[in-house]
Structure formats: C-alpha cells, structure tokens
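J.: Just so you know, the protein sequences line up as chains V and S, in that order. All letters in the first sequence, in the order written, are residues 36 to 194 by this note's numbering. All letters in the second sequence, in the order written, are residues 36 to 194 by this note's numbering. Idealized CB from N, CA, C, for every residue including glycine.
Number of protein chains: 2
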Amino acid sequence: MTDLKSGPNPLFLRHDQLHQGIELLFYAYRDFTAECDAVLSTYGFGRAHHRAIYFIARSPGISVAELLEILRITKQSLSRVLSQLVREGFVSVEKAQTDRRRRLLRLTDKGEKLEKRLSEVQRARIGDAYRAAGGNAIEGYRKVLLSIIDETDRKRFVE
Amino acid sequence: MTDLKSGPNPLFLRHDQLHQGIELLFYAYRDFTAECDAVLSTYGFGRAHHRAIYFIARSPGISVAELLEILRITKQSLSRVLSQLVREGFVSVEKAQTDRRRRLLRLTDKGEKLEKRLSEVQRARIGDAYRAAGGNAIEGYRKVLLSIIDETDRKRFVE
DNA sequence: GCATATAAGTCAACATGACTGACTTAAAAT
DNA sequence: ATTTTAAGTCAGTCATGTTGACTTATATGC
Numbered sequence: 036m037t038d039l040k041s042g043p044n045p046l047f048l049r050h051d052q053l054h055q056g057i058e059l060l061f062y063a064y065r066d067f068t069a070e071c072d073a074v075l076s077t078y079g080f081g082r083a084h085h086r087a088i089y090f091i092a093r094s095p096g097i098s099v100a101e102l103l104e105i106l107r108i109t110k111q112s113l114s115r116v117l118s119q120l121v122r123e124g125f126v127s128v129e130k131a132q133t134d135r136r137r138r139l140l141r142l143t144d145k146g147e148k149l150e151k152r153l154s155e156v157q158r159a160r161i162g163d164a165y166r167a168a169g170g171n172a173i174e175g176y177r178k179v180l181l182s183i184i185d186e187t188d189r190k191r192f193v194e
Numbered sequence: 036m037t038d039l040k041s042g043p044n045p046l047f048l049r050h051d052q053l054h055q056g057i058e059l060l061f062y063a064y065r066d067f068t069a070e071c072d073a074v075l076s077t078y079g080f081g082r083a084h085h086r087a088i089y090f091i092a093r094s095p096g097i098s099v100a101e102l103l104e105i106l107r108i109t110k111q112s113l114s115r116v117l118s119q120l121v122r123e124g125f126v127s128v129e130k131a132q133t134d135r136r137r138r139l140l141r142l143t144d145k146g147e148k149l150e151k152r153l154s155e156v157q158r159a160r161i162g163d164a165y166r167a168a169g170g171n172a173i174e175g176y177r178k179v180l181l182s183i184i185d186e187t188d189r190k191r192f193v194e
C-alpha cells in the first residue's frame with residue numbers, strides 16, 4: 036500500500052487518510068441523527084418524518100414531487116409518512132392555484148413547534164462543532180461536503 | 036431572524052448558515068452511501084453488511100462486542116448480518132486464544148475482494164472531493180466532523 | 001374537443017434493518 | 001462454587017425502504 040506518486044496533482048492521498056475521511060462521515064452522521072431520533076420516538080415518529088418536516092420547513096409550499104427529488108425515496112415511502120403527518124395535524128396540504136394537480140405542503144403551528152424543537156437540537160450540535168473548529172474549518176467542511184454531493188444537487192447551495 | 040451580537044465569541048452563526056451545514060451533511064451522506072448500496076444489492080446485501088465488512092477490514096480480528104460499540108446497534112441486528120456473511124463465506128470467525136469466549140472476526144479472501152471493491156468506490160468519491168476542495172479544506176472537514184462526533188468516540192481519530 | 005402527459009394518491013406485497021426481552025451456552029473471574 | 005461476561009438465539013414488532021399496477025384529477029398540445 037505504499038503508493039508512489041501519481042501524476043501532476045500535488046495533493047497525494049494515502050488510503051488511510053481517505054479511510055479516516057470515510058469514518059468521520061460515518062460517525063458524525065450516526066451521532067448527528069441519534070439525538071433527534073430520541074425526540075422523534077416520543078411522538079411515534081422516525082427519521083423519515085423528520086426529513087419531511089425539515090424540508091417542508093425550509094421551503095413552505097413545496098410540492099410532493101419536489102420533496103421526492105430531495106429525499107430520493109419512492110412515492111409510496113414518502114406518502115406513508117406524509118399522510119401520517121397530515122392526519123395528525125403536523126402538515127397541511129393545499130392545491131396550487133396555477134396547477135391544481137400539485138399539492139403544496141406546509142407545516143401547521145403544531146408542526147412548526149416540533150420542527151423548531153428538532154432544529155434547535157441540530158443547530159446546537161453543528162453550531163458547537165463550527166465554533167470548536169473555527170471559521171476557517173467551516174469553509175473547508177463546506178467545500179469537501181459540497182464536492183461529495185452529486186453534481187446535479189450542488190446548485191442547491193449557491194448563495 | 037436578524038440576530039444581533041451574542042457574547043464574547045467572535046464566531047457569529049446565523050440560522051441559515053447552520054441549516055446549510057445540516058443539509059450538506061444530509062445530501063453528502065445520501066450520495067456517499069448510494070453508490071455502494073447499488074453494488075451491495077447485486078450480492079443480496081445491504082448497508083448493514085457493508086458496515087460490518089468495512090470495520091472488520093479496518094481491524095482484522097475485531098470482536099463482536101467491539102463491532103457493536105462502533106455500529107451502535109443491537110446484538111440481534113448485527114448477528115443477523117454477521118451470520119449471513121459467515122454462512123456465505125465472506126467473514127471467518129475464530130476463538131480468541133487468551134479469552135476463548137470472544138469470537139474474532141476476519142474477512143476471507145472472498146470478503147476481501149468485496150471489501151476492496153466497495154472501498155475503492157468510496158475512496159474515489161472522497162478522494163475526488165478532497166482534491167477538488169484542496170488541502171486546506173480537508174483539515175477543516177476533519178475538524179468540523181470530529182467535533183460533531185460524540186466526545187467518547189473522538190479518540191478513535193488520534194493519529 | 002380529444003388525446004396524451006403529468007401530479008398525486010392508493011393498493012398489495014415484500015425486504016431490510018432496526019428494536020425488545022428473555023433465554024442459553026461457554027468460559028473467565030472472583 | 002458462584003458470578004460475570006461474550007456471544008448467540010428465539011420470538012415478535014416496527015419503521016422505512018422497495019416494486020408494479022392502477023385511479024383520479026388536471027394540464028397541455030394538436
């Protein structure tokens with residue numbers, strides 16, 4: 036495994052450096068999601084509900100199709116959690132004015148309360164990490180994760 | 036949401052900056068795992084098999100208890116995938132010499148072949164991202180993710 | 001206006017991966 | 001000899017993902 040040089044790129048990466056990067060992502064995701072999972076379970080919800088709630092909160096009035104694109108799951112999978120969230124009064128649905136086939140999703144007051152609670156937990160964790168790592172590191176974190184993401188979805192992060 | 040200053044910490048973080056950090060992690064994890072999932076499904080395996088294979092490869096001779104600590108799942112969940120991997124000849128088990136209750140796990144040649152294939156996919160993705168982001172960014176990525184991880188597990192990354 | 005395409009929802013069936021709690025077995029430690 | 005530990009197992013449950021086929025309503029293009 037003692038790789039030698041490989042081309043003009045000055046950035047030489049050993050396997051163990053790459054594995055460290057892989058494992059950091061695994062452990063961070065594991066711990067990042069665990070906290071909210073605990074809150075959600077007290078509502079009888081799971082991670083799938085959280086994802087729906089989260090992205091509806093970011094884009095009030097998002098359509099079902101748009102949400103499916105973000106989550107990359109099947110209509111059936113989303114429909115299960117979505118109809119549960121609507122039935123229990125966390126999410127409201129209204130027909131779009133221009134295209135009345137589209138159903139636009141919004142959080143109700145009850146939904147917003149839950150969303151705030153969950154987002155506070157996550158903002159606290161990432162905020163603490165950002166502060167511990169420092170401003171320079173944040174930019175690096177963003178750059179690397181953005182490059183990991185499929186090219187088609189990177190445009191979601193233009194500011 | 037136009038927060039004003041908050042204390043002596045010079046690093047001021049707006050909600051939308053934190054949400055960007057949260058979403059980067061979501062999309063990156065989604066895309067990072069998707070590629071391997073496709074390979075695994077051709078073997079009739081899932082993500083859980085991959086995680087076992089991956090960490091056995093990193094620590095040949097790891098015990099079941101150690102693996103459970105890393106994955107933070109129940110014995111039953113691990114046992115299902117592990118016994119499947121052993122039955123199909125991807126993982127071998129031997130009793131520890133000193134403590135014969137402990138079962139030490141190793142990849143077989145067949146298991147190593149699969150592991151190499153999966154790791155190559157992941158190393159390529161993270162390697163490309165590292166190169167695209169640059170050496171400085173890598174350090175930032177590491178710092179932030181390390182701070183997201185539960186304190187008890189950070190020691191896994193001392194070099 | 002009619003044919004086609006699209007957005008959404010639904011039904012049935014299934015796989016995977018997580019969980020709990022209780023129990024067994026073997027071996028180590030006290 | 002008793003207790004603790006490591007591992008495995010049994011039985012049942014739940015959440016979240018999948019597929020494929022079908023319906024309904026609406027929009028769009030000819």
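1. Of all Cβ atoms in chain S, is any one closer than 8 angstroms to the Cβ of V:E91?
2. Return helix, strand or coil for V:V128, following the three-state DSSP convention.
3. Any residues in the stretch 170 to 185 of chain V with a beta carbon nearer than 7 angstroms to a beta carbon of chain S? Which ones, in chain order?
4. Excluding the 5 residues preceding and the 5 following V:Y89 in the sequence, name in chain order all residues of the same chain whose CB lies nearer than 8 angstroms to its CB.
5. Return the Cβ separation of V:G162 and S:L48 in integer angstroms, given the expectation that the two are a contact with Cβ distance under 8 angstroms.
6. Measuring CA to CA, which of S:K178, S:N171 and S:G81 is closest to S:S112?
7. Determine whether the Cβ of S:L113 lies closer than 8 angstroms to any Cβ atom of chain V.
8. Could you name the residues of the same chain whose beta carbon sits closer than 8 angstroms to that of V:S98, not counting the 5 residues immediately before and after it, in chain order?
9. Check the DSSP bridge columns for V:R138 and list the partner residues they point to.
10. Buried or exposed: where does S:R191 fall if 16 or more other Cβ atoms within 10 Å of its Cβ makes it buried?
11. Can you pull the chain S neighbours of V:R107, defined as C-beta to C-beta under 7 angstroms?
12. By DSSP, does V:I97 sit in helix, in strand, or in coil?
13. Please say whether V:V156 and V:C71 have beta carbons closer to each other than 8 angstroms?
14. With DSSP collapsed to three states, give me the class of S:Y62.
15. If you follow the alpha helix (DSSP H) that S:T187 is part of, which residue opens it and which one closes it?
16. So, with DSSP's three-state summary, where would you put V:E196?
17. Can the beta-carbon of V:I184 be found less than 8 angstroms from the beta-carbon of S:D66?
18. Count the other CB atoms, across all protein chains shown, that sit within 10 Å of the CB of V:L75; report buried if there are 16 or more and exposed otherwise.
19. Could you check which residue in V:G56, V:F61 and V:T77 has the C-alpha nearest to that of V:G175?
20. Would you decide whether S:L46 is buried or exposed? Buried here means 16 or more other CB atoms lie within 10 Å of its CB.
21. Return the chain-ordered list of same chain residues with a C-beta closer than 7 angstroms to the C-beta of S:R86, the five sequence neighbours on each side being excluded.
22. S:I91: which of S:Q119, S:Y62 and S:S127 sits nearest, CA to CA?
23. Using 8 angstroms as the threshold, is the C-beta distance between V:S182 and S:A73 below it?
24. How about S:L103 and S:K110: are their beta carbons less than 8 angstroms apart?
25. For S:R141, which residues in chain V fall below 7 angstroms Cβ to Cβ?
26. Could you round the C-beta distance between S:A69 and S:V116 to whole angstroms and report it? I think they count as a contact, below 8 angstroms.
27. Counting only beta-carbon atoms, is S:G56 nearer than 8 angstroms to chain V?
28. Would you call V:E58 buried or exposed, if buried means 16 or more other Cβ atoms sit within 10 Å of its Cβ?
29. What span of residues does the alpha helix (DSSP H) with V:R158 cover, start to end?
30. Could you check the C-alpha separation between V:K148 and S:A172 for me, to the nearest Å?
31. With DSSP collapsed to three states, give me the class of V:T68.
32. Given S:G124, which residues of its chain have a CB within under 7 angstroms of its CB, disregarding the five upstream and five downstream residues?
T.: Reading it off the structure:
1. Residue 91 of chain V is actually Ile in this sequence, not Glu. It does not; no Cβ of chain S falls within 8 angstroms.
2. strand
3. G170, N171, A172, I173, E174, G175, Y176, R177, K178, V179, L180, L181, S182, I183, I184 and D185
4. E150, L153 and S154
5. 5 angstroms
6. S:G81
7. no
8. A131, R137, R138, L139 and L140
9. V:K130
10. exposed
11. R65
12. strand
13. yes
14. helix
15. E186 to R189
16. One cannot answer for residue 196 of chain V here, as it falls past the ends of chain V, which runs 36 to 194.
17. yes
18. buried
19. V:G56
20. exposed
21. L106
22. S:S127
23. no
24. yes
25. Result: empty, since nearest Cβ-Cβ is about 18 angstroms, beyond 7 angstroms.
26. Going by Cβ atoms, the distance from S:A69 to S:V116 rounds to 19 angstroms, so no, they are not a contact pair.
27. yes
28. buried
29. D144 to A168
30. 36 angstroms
31. helix
32. T143 and K145
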